[in-house]
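Shown next, in structure tokens, is the structure this report addresses.
Number of protein chains: 2
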Amino acid sequence: MPTDFTLQCPVPTASDDTIVLAHGGGGKMSQRLFERVFLPAFQNEALAARHDGALIRVGGQSLAFTTDSYVVHPLEFPGGNIGDLAVNGTVNDLAMCGARPLYLTCGFILEEGLPVATLQRVVESMRVAAERAGVEMVSGDTKVVDRGKADGIFINTSGIGLVERAMSPALVEPGDAVIVSGELGAHGIAILSVREGLQFEAPIVSDTAPLWEPVNALIEAGIEVHCLRDLTRGGLASALNEIAQARGLGILVDETAVPVAEPVRGACEILGLDPLYVANEGRFVGFVSMEDADRAVRILESAGKCRKVSIAGRVLATADPTVLLRSRIGGMRILDMISGEQLPRIC
Amino acid sequence: MPTDFTLQCPVPTASDDTIVLAHGGGGKMSQRLFERVFLPAFQNEALAARHDGALIRVGGQSLAFTTDSYVVHPLEFPGGNIGDLAVNGTVNDLAMCGARPLYLTCGFILEEGLPVATLQRVVESMRVAAERAGVEMVSGDTKVVDRGKADGIFINTSGIGLVERAMSPALVEPGDAVIVSGELGAHGIAILSVREGLQFEAPIVSDTAPLWEPVNALIEAGIEVHCLRDLTRGGLASALNEIAQARGLGILVDETAVPVAEPVRGACEILGLDPLYVANEGRFVGFVSMEDADRAVRILESAGKCRKVSIAGRVLATADPTVLLRSRIGGMRILDMISGEQLPRIC
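The listed protein sequences derive, respectively, from chains S and B.
Under this note's numbering, the first residue of the first sequence is numbered 8, with each subsequent residue one higher.
Under this note's numbering, the first residue of the second sequence is numbered 8, with each subsequent residue one higher.
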């Protein structure tokens, strides 16, 4: 069994003139599109901060405001469907801003011919997920497009949260511990297994879950959380690169300390995927000072909030914003941001 | 030339088991889907109020929070494109809640193969529209789906506004004047003209525009605005029916007092459309007490904020929530909510 492997991404061949799937992959091409098209048009502090959500002030209150569209294919997969994904994803973007999620809106784009029963199952999952996360779905919109002009259901959810503690890449310090909140890769592999008709010995189910409860536990325990990021498109590797670049500091990750469940690791090896790049929907990375790290792990694990939490690395004092990986066999390599599209339409 | 005409809607033939275009038309079938699928799942005051946006309280502040997806086809049309439509539409939903629009988010769903140049034109229109409306685009998200699984660009915009004056269907009173803020139907006919390759003597351009400025002028002048609604999908007829039903009162409209530009009226006659059902993107209906009505019209028309503003009807004292139309030839008929889909993908 190989103990180290190289990521095989499809290298985008299209020029920069045409949208390709990798523009939505959360990696280098997404970043380039953002920098080339969106950032120049909408210049403001909130957008430039490149947080998971915008931090805004409204009448003396500090709020987080975020949006995400969900185009996952297939609509239903082991452990969830597009509905709970759409609620958890936006709830988690708020949580990553240190904000208590309060209100969501949802916008549906439906394809003509969709069975209403499918929509009802998805909406029921949204109801359950919203209840679990303690948020209210206060406004919505439904559009229908002609058959063949969408793919069943697309959902946008936007959310507002009340900032309980300001967090941002700017607060990350040299020496900070990098905490990974649980085993990685289950969401991506669960999606892939349905899409490709793969059967594993042990079924792999999506990790989709709301994350405010563990984040709030850290805040209430007085842990000074510097920065959080959920590990969706592009996985841990891309999230760490984003933060390294935003803060201008290097990060070192110890591959043996990154928690990956055995069935997911096995599936990744068969499929030629690197779990560090596979998308999750209920996992995050947190930056806290090294003195707080052990206590933070215990708090996250207490009362079953998270499982297999790990201190997987630390922030370096180097001004070179590179993410380095000490691999299983002891070598060091650069853990780059995903450059192509490992697995499209994962969320 | 006929002076009265009957609306010819395609009658939906599909059962309630399958999504059809009319479910997104803003009429009876949209309403039924909302009542059958969404309302039972997400029970809360804000959603039940059936406003254009949700009124929420966050830390002592009264905010409006709204969302809309835009799937207009074609992406570009005379007078605008999907980008300024997406900004204006959400700005206007906030304005209709009596809220000063502050912050927007945008979620893009792009189809693989889309020219980046098209996206850039759309984003540039969004920039200009946001600047004009005085809102900041603070957060965004981009997803890409495979070729043939979307239709170029879909955009969701969500918005937050600060409520300056509470307005709602519940505040509408018997005897209230029904004010229409300008000539109707240009947006729908502009879209249709491109889609069907129609040429008119005078080009008809979309009325897409932000509406906070005229609404704010009414508020600042001390006009007690009871309720506002923008006249998008389903047009004036559907908006009036929604409010009549929400408030449980009848409304009488005088067809001769409803402003419609001659080129639009002519186009509607040729196409067999009723301008009262055609979508607009920069027009609204307002309810104020009859004593305030003339002054409200003058304020809206001052400084070119709106043109051809008209008192087009009044709220009846009957508890039967029916909208009645006194037609051009003097007869009375029921002006029902749109039941099919007059023109799909108008916004």
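Here a beta-carbon is modelled for each residue, glycine too, at the ideal position from N, C-alpha and C.
None of these values were measured; they are calculated from a predicted model.
Secondary structure of residue i, DSSP reduced to three states
{"i": "Gly289(S)", "result": "coil"}
{"i": "Asp148(B)", "result": "strand"}
{"i": "Leu331(S)", "result": "strand"}
{"i": "Asn223(B)", "result": "helix"}
{"i": "Pro17(B)", "result": "Because the pLDDT at Pro17(B) is just 43, under 50, the model does not fix this residue reliably, and the value given afterwards should be weighed accordingly. Pro17(B): coil per DSSP, three-state reduction."}
{"i": "Cys313(B)", "result": "coil"}
{"i": "Leu350(B)", "result": "coil"}
{"i": "Glu42(B)", "result": "helix"}
{"i": "Asn51(B)", "result": "coil"}
{"i": "Val265(B)", "result": "coil"}
{"i": "Leu238(S)", "result": "coil"}
{"i": "Ile196(S)", "result": "helix"}
{"i": "Gln68(S)", "result": "strand"}
{"i": "Leu205(B)", "result": "coil"}
{"i": "Arg134(B)", "result": "helix"}
{"i": "Arg57(B)", "result": "coil"}
{"i": "Asp158(B)", "result": "coil"}
{"i": "Glu190(B)", "result": "coil"}
{"i": "Met8(B)", "result": "Here Met8(B) scores only 33 on pLDDT, less than 50, and its place in the model should not be relied on; the value that follows carries that caveat. In the structure shown, Met8(B) sits in coil (DSSP, three-state: anything other than H, G, I, E or B)."}
{"i": "Asp281(S)", "result": "coil"}
{"i": "Val232(S)", "result": "coil"}
{"i": "Gly257(S)", "result": "coil"}
Residue of the options minimising C-alpha distance to residue i
{"i": "Ser69(S)", "options": "Ala102(S), Arg43(S) and Leu169(S)", "result": "Leu169(S)"}
{"i": "Arg39(B)", "options": "Pro108(B), Asp24(B), Asp153(B) and Glu52(B)", "result": "Asp24(B)"}
{"i": "Glu268(S)", "options": "Ile230(S), Leu225(S), Phe294(S) and Pro210(S)", "result": "Contrary to the premise, residue 268(S) reads as Ala rather than Glu in this sequence. The residue with the shortest Cα to Cα distance from Ala268(S) is Pro210(S)."}
{"i": "Ser146(B)", "options": "Leu259(S), Val330(S), Glu288(S) and Phe49(S)", "result": "Phe49(S)"}
{"i": "Leu82(S)", "options": "Val27(S), Gly31(S), Ile162(S) and Gly96(S)", "result": "Ile162(S)"}
{"i": "Thr164(B)", "options": "Asn99(B), Glu119(B), Ser188(B) and Ala224(B)", "result": "Asn99(B)"}
{"i": "Leu350(B)", "options": "Gly195(B), Glu227(B), Lys312(B) and Asn287(B)", "result": "Gly195(B)"}
{"i": "Gly311(B)", "options": "Thr215(B), Gly189(B), Thr325(B) and Val185(B)", "result": "Gly189(B)"}
{"i": "Asp75(B)", "options": "Gly33(S), Gly32(S), Pro122(S) and Val151(S)", "result": "Val151(S)"}
{"i": "Val27(B)", "options": "Trp219(S), Glu231(S), Tyr110(S) and Leu126(S)", "result": "Leu126(S)"}
{"i": "Val129(S)", "options": "Gly90(S), Gly204(S), Val94(S) and Asp183(S)", "result": "Gly90(S)"}
{"i": "Leu62(B)", "options": "Asn248(B), Ile116(B), Leu46(B) and Leu101(B)", "result": "Leu101(B)"}
{"i": "Gly34(S)", "options": "Gly320(S), Arg305(S), Leu247(S) and Ala303(S)", "result": "Leu247(S)"}
{"i": "Arg290(B)", "options": "Ala244(B), Ala55(B) and Phe207(B)", "result": "Ala244(B)"}
{"i": "Arg107(B)", "options": "Ser309(B), Thr215(B), Phe72(B) and Ser346(B)", "result": "Phe72(B)"}
{"i": "Val361(B)", "options": "Leu323(B), Pro85(B), Ser346(B) and Phe45(B)", "result": "Any property of residue 361(B) remains undetermined from this structure, which presents chain B solely from 8 to 354."}
{"i": "Arg202(B)", "options": "Leu46(B), His30(B), Met36(B) and Arg352(B)", "result": "Arg352(B)"}
{"i": "His30(S)", "options": "Val79(B), Pro47(B), Val123(B) and Ala53(B)", "result": "Val123(B)"}
{"i": "Arg379(S)", "options": "Leu307(S), Met297(S), Arg305(S) and Met344(S)", "result": "Shown here, chain S extends from 8 to 354; a query on residue 379(S) therefore has no answer."}
{"i": "Ser334(S)", "options": "Ala319(S), Ser200(S), Ala197(S) and Ala56(S)", "result": "Ala319(S)"}
Listed by chain order, chain S residues near residue i by CB distance under 7 Å
{"i": "Pro122(B)", "result": "Asp24 and Thr25"}
{"i": "Gly114(B)", "result": "Thr74, Asp75, Ser76 and Asn163"}
Contact belief for residue i with residue j at Cβ below 8 Å, rounded distance in angstroms
{"i": "Asp59(S)", "j": "Cys104(S)", "result": "6 Å"}
{"i": "Val265(S)", "j": "Ser317(S)", "result": "7 Å"}
{"i": "Asn287(B)", "j": "Leu238(B)", "result": "4 Å"}
{"i": "Val295(B)", "j": "His233(B)", "result": "6 Å"}
{"i": "Val94(B)", "j": "Leu111(B)", "result": "7 Å"}
{"i": "Ala224(S)", "j": "Ala300(S)", "result": "That pair is no contact at about 15 Å."}
{"i": "Leu256(B)", "j": "Thr325(B)", "result": "7 Å"}
The ligand MN heavy atom lying under 7 Å from the CB of residue i
{"i": "Asp91(B)", "result": "As for the ligand MN, it is missing from this structure, which has no ligand bound."}
Buried versus exposed call for residue i [16 or more other C-beta atoms within 10 Å across all chains shown]
{"i": "Ile341(S)", "result": "exposed"}
{"i": "Ile277(S)", "result": "exposed"}
{"i": "Glu348(S)", "result": "buried"}
{"i": "Asp327(S)", "result": "exposed"}
{"i": "Pro176(S)", "result": "buried"}
{"i": "Glu119(B)", "result": "buried"}
{"i": "Ile160(B)", "result": "buried"}
{"i": "Ile250(B)", "result": "buried"}
{"i": "Ile336(B)", "result": "exposed"}
{"i": "Gly155(S)", "result": "exposed"}
{"i": "Ser309(B)", "result": "exposed"}
Contacts that residue i makes with chain S (C-beta to C-beta distance below 8 Å)
{"i": "Ala253(B)", "result": "The premise fails here: Ala253(B) is roughly 15 Å from chain S at the closest Cβ pair, so nothing lies under 8 Å."}
{"i": "Leu30(B)", "result": "Note that residue 30(B) corresponds to His in the displayed sequence, not to Leu. Within chain S, the residues near His30(B) are Leu117, Thr149 and Val151."}
Beta-carbon neighbours of residue i, restricted to chain B and to distances below 7 Å
{"i": "Arg134(S)", "result": "Ala48 and Phe49"}
Listed by chain order, chain S residues near residue i by CB distance under 9 Å
{"i": "Phe207(B)", "result": "By Cβ distance, chain S contributes nothing, its closest Cβ being about 25 Å from Phe207(B), past 9 Å."}
{"i": "Ser175(B)", "result": "Those within 9 Å of Ser175(B) in chain S number zero; the least Cβ separation is about 14 Å."}
Residues that residue i contacts on chain B, provided the C-beta gap is smaller than 9 Å
{"i": "Lys315(S)", "result": "Those within 9 Å of Lys315(S) in chain B number zero; the least Cβ separation is about 29 Å."}
Residues that residue i contacts on chain B, provided the C-beta gap is smaller than 8 Å
{"i": "Glu131(S)", "result": "Ala48"}
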